[in-house]
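Engineer: The structure that follows is given in the form of structure tokens.
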Amino acid sequence: MSEFVDCAQCGADDFETVYRHPSGGVAHGACRRCGLGYLSPRPDAAATTRLYDGYRQAYPDAFLAATDGPFGRAAAARAAFLDRWLRPGARILEVGCGYGHFLHAARAAGYRVEGLEPSQHQVQFARERLGLTSVERGLLDDVARDGRQDLVAMFHVIEHLRDPQAALQLLAQAVRPGGLVWLELPNALRLPCDAIEHHYIVAGHHLHTFTPRVLAAMAARAGFETLYLAEDPLPAVYEANLRFVGRRVAAAATPPPRRPAETLRSLTAHHRRLAALGARVSGKVQRWRAVGRRIALYGAGFHTRGLVDLCAFGAHEIDCILDDDRTKHGTELAGFPVCAPDSLHERRIDAVLVSSLAAETAIVDRLRAQAPRGCVVNGIYGAEPRRPSAAARGPRLEVR
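Note that this note's numbering has the sequence shown beginning at 1, numbered continuously upward.
Quick look at the structure:
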């Protein structure tokens, strides 16, 4: 079921839609009063619970444990950034800590760390593989409001929350006076034009969308003074990564409304770029079908879910989905059977569209080497830019 909601920041019922999913269950837009981007309608609380009950991106343990992998490198970069604000020995809580990579790096640097994570699978990895016995299963409702933390971090969590303003007010009770909150999230001014971003919206993962100015205003309402606000890319993890550090002050501020047109303009352009991507990919598939090719997608994950929805692919267009993960073979994704890549011959596939972001080039090269003679293997993006120019990043602020 879906629900219509008012703005979580200012409470206004003044929503402007810039994109509506054909199902009618989700629409993306922004508040015309304060500029907060959000979904209305959106999945209701019961639907969101069901969504996250089955939420898991499968990664091999060896990939997760690699210090030189994308998660390890991001954790090291975050730990280095942490040293600007705190001294070793400070207390850190990460809410939504995932597999625990940042806490592992922060502990190695001498900080006292705790973590909360709703996924039992990820909690188990953090505790057993990384030795983070202070990581527990939970999320915001489990945060102790005792004002003892020096810093609370949430990385790519706040956009998933049903009430981000209430979440920030809760975090203000968790940190000591003068303590810090550190947030990372997508920058609404430069959302990537890719199928997984489409999936995050239409599936109801990203319920809210923030420009830098809107985020700073929301934090001020919760009692946080902005110390740092900038787009700091995390290569191979999230390029349009908006980073915010705020300090808890004695009294919350009520800033004036912030440029709603900026949010609406950015979201409108984003959905137009996604529509153009969908039309381009659909056109390629239609041309293949017109000459009688049997087509498979490669990649049985979130990206392909988004691609299938964006292009409205049906069984008459796509034969199957290929993936190297044996645990997925024999299952279905978006109504299509998931098969091993070596089934190309058996299923007489002669065209493959690789549905991936970071690994697109490597997968295309590998499949071309093993595909039958005459089989066409293409990616989706190639050298196409997936983000607006760097000039659209928004303000950069650091107070020392």
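C-beta atoms are modelled at their ideal positions from N, C-alpha and C, and glycine is treated no differently.
Within a Cβ cutoff of 8 angstroms, which residues of the same chain sit near proline 88, ignoring the five residues on either side of it in sequence?
Structural biologist: One-based indexing of the sequence shown puts residue 88 at position 88. For proline 88, where only same-chain residues beyond five positions count, the Cβ hits under 8 angstroms are Ala109, Gly110 and Tyr111.
Engineer: One question on the structure: do alanine 334 and arginine 305 come within less than 7 angstroms of each other, judged by their Cβ atoms?
Structural biologist: Here the question's residue 334 lines up with position 334 in the sequence shown. Here the question's residue 305 lines up with position 305 in the sequence shown. Taking 7 angstroms as the Cβ cut-off, alanine 334 and arginine 305 qualify as a contacting pair.
Engineer: Check this for me: beta carbons of aspartate 309 and valine 202, under 7 angstroms apart or not?
Structural biologist: Counting from 1 along the sequence shown, the entry for residue 309 is found at position 309. Counting from 1 along the sequence shown, the entry for residue 202 is found at position 202. In contact: aspartate 309 and valine 202 (Cβ atoms closer than 7 angstroms).
Engineer: Determine the direct distance from the alpha carbon of alanine 222 to that of alanine 166, and round the result to whole angstroms.
Structural biologist: Counting from 1 along the sequence shown, the entry for residue 166 is found at position 166. Counting from 1 along the sequence shown, the entry for residue 222 is found at position 222. Near 8 angstroms, if we compare the C-alpha coordinates of alanine 222 and alanine 166.
Engineer: Under the assumption that tyrosine 228 contacts valine 245 (Cβ atoms under 8 angstroms), give the Cβ distance between them as a whole number of angstroms.
Structural biologist: On the sequence shown, residue 228 is found 228 positions in, with the first residue counted as 1. On the sequence shown, residue 245 is found 245 positions in, with the first residue counted as 1. In this structure tyrosine 228 touches valine 245 by the C-beta definition: roughly 4 angstroms separates them, less than 8 angstroms.
Engineer: Ignoring anything shorter than 4 residues, give me the alpha helix (DSSP H) runs that lie fully in the region 80-145, in order along the chain.
Structural biologist: Those alpha helix (DSSP H) runs which fall completely within the region 80-145 and span 4+ residues are 101-108 and 120-128.
Engineer: Within its chain, find whatever has a CB closer than 6 angstroms to the CB of alanine 300; leave out the 5 residues flanking it on each side and keep chain order.
Structural biologist: Sequence index remark: in the sequence shown, residue 300 carries index 300 (1-based). Around alanine 300: Ile321, Asp323, Lys328, Leu333 and Val338.
Engineer: Name the DSSP beta bridge partners of threonine 211, please?
Structural biologist: Within the sequence shown, numbered from 1, the residue matching residue 211 stands at position 211. Answer by DSSP bridge pairing: none, since threonine 211 is not bridged.
Engineer: DSSP on aspartate 194, reduced to helix/strand/coil?
Structural biologist: For this step, residue 194 is matched to residue 194 along the sequence shown. Coil, per DSSP.
Engineer: If you draw a straight line from the C-alpha of proline 22 to the C-alpha of tyrosine 38, how long is it?
Structural biologist: For the purposes of this step, residue 22 is identified with residue 22 of the sequence shown, where counting begins at 1. For the purposes of this step, residue 38 is identified with residue 38 of the sequence shown, where counting begins at 1. Whole-angstrom Cα-Cα distance: 17 angstroms.
Engineer: Using only the alpha-carbon positions, how far apart do alanine 77 and aspartate 83 sit?
Structural biologist: Along the sequence shown, read from residue 1 onward, the residue named residue 77 stands at position 77. Along the sequence shown, read from residue 1 onward, the residue named residue 83 stands at position 83. Spanning the two alpha carbons is a distance of roughly 10 angstroms.
Engineer: Pull the bridge partners of valine 181 from the DSSP assignment, please.
Structural biologist: Within the sequence shown, the letter at position 181 stands for residue 181. DSSP, once it has assigned bridges, lists Val152 and Gly246 as partnering valine 181.
Engineer: What are the boundary residues of the alpha helix (DSSP H) that includes valine 281?
Structural biologist: Here the question's residue 281 lines up with position 281 in the sequence shown. Note, valine 281: alpha helix (DSSP H), 260-290.
Engineer: Taking the straight line between their C-alpha atoms, what separation do you get for proline 402 and leucine 64?
Structural biologist: What is shown of the chain runs 1 to 400, which leaves residue 402 out entirely.
Engineer: What residues match up with valine 352 in a beta bridge as DSSP calls it?
Structural biologist: What you label residue 352 is simply residue 352 of the sequence shown in a count that begins at 1. Valine 352 pairs with Ala296 and Val377.
Engineer: Less than 7 angstroms separating the beta-carbons of arginine 265 and cysteine 193?
Structural biologist: Your numbering for residue 265 matches position 265 in the sequence shown. Your numbering for residue 193 matches position 193 in the sequence shown. Not a contact, by the Cβ cut-off of 7 angstroms.
Engineer: In three-state DSSP terms, what is phenylalanine 71?
Structural biologist: If you number the sequence shown from 1, residue 71 lands on position 71. Three-state result, phenylalanine 71: helix.
Engineer: Using a 10 Å radius around the Cβ and a threshold of 16 neighbouring Cβ atoms, would you call phenylalanine 336 buried or exposed?
Structural biologist: Start at 1 with the first residue of the sequence shown, and residue 336 comes out as number 336. Phenylalanine 336 comes out buried.
Engineer: I'd like the list of long-range same chain contacts for valine 5, defined as Cβ closer than 6 angstroms, with 5 residues on each side in sequence excluded.
Structural biologist: Working through the sequence shown from its first residue, we reach residue 5 at position 5. Excluding positions up to five away in sequence, the list reads Ser40.
Engineer: What separation, rounded to the nearest whole angstrom, lies between the Cα atoms of glycine 330 and alanine 340?
Structural biologist: The sequence position of residue 330 within the sequence shown is 330, counting from 1. The sequence position of residue 340 within the sequence shown is 340, counting from 1. Spanning the two alpha carbons is a distance of roughly 9 angstroms.
Engineer: Determine the closest residue to alanine 172 out of Arg129, Ile196 and Met218, with distance taken between C-alpha atoms.
Structural biologist: Reading the sequence shown from its first residue, position 172 is the one you call residue 172. Its Cα nearest to that of alanine 172, the residue Met218 stands out among Arg129, Ile196 and Met218.
Engineer: Do arginine 213 and arginine 259 have their beta-carbon atoms positioned less than 7 angstroms apart in this structure?
Structural biologist: Numbered from 1 along the sequence shown, position 259 holds the residue referred to as residue 259. Numbered from 1 along the sequence shown, position 213 holds the residue referred to as residue 213. Yes; because the gap between Cβ atoms is below 7 angstroms, this pair is in contact.
Engineer: With distances taken between CB atoms, is the gap from aspartate 53 to glutamate 3 smaller than 7 angstroms?
Structural biologist: For the purposes of this step, residue 53 is taken as the residue at position 53 of the sequence shown. For the purposes of this step, residue 3 is taken as the residue at position 3 of the sequence shown. Going by C-beta atoms, aspartate 53 is not nearer than 7 angstroms to glutamate 3.
Engineer: So what does DSSP say about isoleucine 318, is it helix, strand or coil?
Structural biologist: Taking the first residue of the sequence shown as position 1, residue 318 is located at position 318. For isoleucine 318, the secondary structure class from DSSP, reduced to helix, strand or coil, is coil.
Engineer: I'd like to check one pair, valine 113 with valine 152: are the Cβ atoms closer than 7 angstroms?
Structural biologist: Here the question's residue 152 lines up with position 152 in the sequence shown. Here the question's residue 113 lines up with position 113 in the sequence shown. Contact: no.
Engineer: So, is alanine 290 buried or exposed, given that buried needs 16 or more other C-beta atoms within 10 angstroms?
Structural biologist: Within the sequence shown, numbered from 1, the residue matching residue 290 stands at position 290. Per the 10 Å Cβ criterion, exposed.
Engineer: Going by DSSP, which residues form a beta bridge with threonine 226?
Structural biologist: Here residue 226 refers to the residue found at position 226 of the sequence shown. Answer is Gly246, bridged to threonine 226.
Engineer: For a test of the three-state rule: what should DSSP assign to valine 18, helix, strand or coil?
Structural biologist: Your numbering for residue 18 matches position 18 in the sequence shown. Valine 18 falls in the strand class under three-state DSSP.
Engineer: Pull the bridge partners of glycine 29 from the DSSP assignment, please.
Structural biologist: Walking along the sequence shown from the start, residue 29 turns up at place 29. Bridge partners of glycine 29: Thr17 and Tyr38.
Engineer: Which residue from Ala269, Val281, Arg32 and Leu215 puts its Cα closest to that of alanine 261?
Structural biologist: Taking the sequence shown and counting its residues from 1, the one referred to as residue 261 is at position 261. Cα-wise, what sits closest to alanine 261 is Arg32.
Engineer: Nearest to glutamate 346 by alpha carbon, out of Ala296, Ile196, Arg127 and His316?
Structural biologist: Walking along the sequence shown from the start, residue 346 turns up at place 346. The residue with the shortest Cα to Cα distance from glutamate 346 is Ala296.
Engineer: Can you name the start and end residues of the beta strand (DSSP E) that valine 338 belongs to?
Structural biologist: Indexing the sequence shown from 1 puts residue 338 at position 338. Element bounds for valine 338: 336-339.
Engineer: Can you tell me whether alanine 106 is buried or exposed? The criterion is at least 16 other CB atoms within 10 Å of its CB, across all chains shown.
Structural biologist: Along the sequence shown, read from residue 1 onward, the residue named residue 106 stands at position 106. Alanine 106 should be labelled buried.
Engineer: What residues match up with proline 186 in a beta bridge as DSSP calls it?
Structural biologist: Walking along the sequence shown from the start, residue 186 turns up at place 186. Looking at the DSSP assignment, proline 186 forms a beta bridge with Asn241.
Engineer: Can you give the beta carbon distance from threonine 263 to alanine 188, rounded, assuming they're within the 8 angstroms contact cut?
Structural biologist: Translated into positions along the sequence shown, residue 263 becomes position 263. Translated into positions along the sequence shown, residue 188 becomes position 188. Confirmed, about 6 angstroms.
Engineer: Between cysteine 97 and leucine 344, what straight-line distance do the alpha-carbon atoms span, to the nearest angstrom?
Structural biologist: Residue numbering aside, residue 97 sits at position 97 when the sequence shown is read from its first letter. Residue numbering aside, residue 344 sits at position 344 when the sequence shown is read from its first letter. Each residue's Cα considered, the two are about 39 angstroms apart.
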